[in-house]
Amino acid sequence: MTLEIQPIGNTYSEQVIDLILNIQQKEFNIPITIEDQPDLLKIESFYRERGGNFWGAFIDGELVGTIALVKFDDNAGAIRKMFVKKEFRGKEHQIAQKLLDILISYCLENKIDKIMLGTVSVLNAAMRFYERNQFKVIAKEDLPAKFPLMNADNIFYIRNLNEV
Numbered sequence: 012m013t014l015e016i017q018p019i020g021n022t023y024s025e026q027v028i029d030l031i032l033n034i035q036q037k038e039f040n041i042p043i044t045i046e047d048q049p050d051l052l053k054i055e056s057f058y059r060e061r062g063g064n065f066w067g068a069f070i071d072g073e074l075v076g077t078i079a080l081v082k083f084d085d086n087a088g089a090i091r092k093m094f095v096k097k098e099f100r101g102k103e104h105q106i107a108q109k110l111l112d113i114l115i116s117y118c119l120e121n122k123i124d125k126i127m128l129g130t131v132s133v134l135n136a137a138m139r140f141y142e143r144n145q146f147k148v149i150a151k152e153d154l155p156a157k158f159p160l161m162n163a164d165n166i167f168y169i170r171n172l173n174e175v
């Protein structure tokens, strides 16, 4: 089993949509559709052209995880689309950690020092993961005005990369 993480674009949209919708709808019963996430059909213009990026984690050629960064201000970005296929989650594979590490490295290289995200309260393991990685809960009303809100999100996190 070989893990490869690389930036991906529109040619992977179909695989990304399959992975993410399966996790959202079937595994966690979150009432969200592709119509709610048009960014998945235009990865390059939504993420890359604005200074963010979108990465895919592949094991033997199969897409098993994703993470994306939306740059929404000169020095701030939002984590989006952090998903790992059920069979590949956990400490054994560490795919989520490796994806997050790559995103943080990208932020540091590109002078993005604040990263934020929204998630859904049913995703307990995700919330524990972010908290282990020095993210702090922030109230929705304390988010910057430019933060790209997703309707389903009800818990928000921030991490300042300048703080050790």
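With the sequence shown counted from 1, adding 11 to any position gets you this note's numbering.
Beta carbons: idealized from backbone N, C-alpha and C, even for Gly.
Residue 73 and residue 48 have their alpha carbons spaced roughly 22 Å apart.
In the DSSP assignment, residue 49 is bridged to no other residue. According to the DSSP assignment, residue 65 belongs to the beta strand (DSSP E) that extends over 64-70. Taking all protein chains in view, the Cβ of residue 136 is surrounded by fewer than 16 other Cβ atoms within 10 Å, so the residue is classified as exposed. Nearest Cα to residue 94 within the set 145, 126, 30 and 114: 30.
Here residue 147 carries a strand assignment [DSSP, helix/strand/coil].
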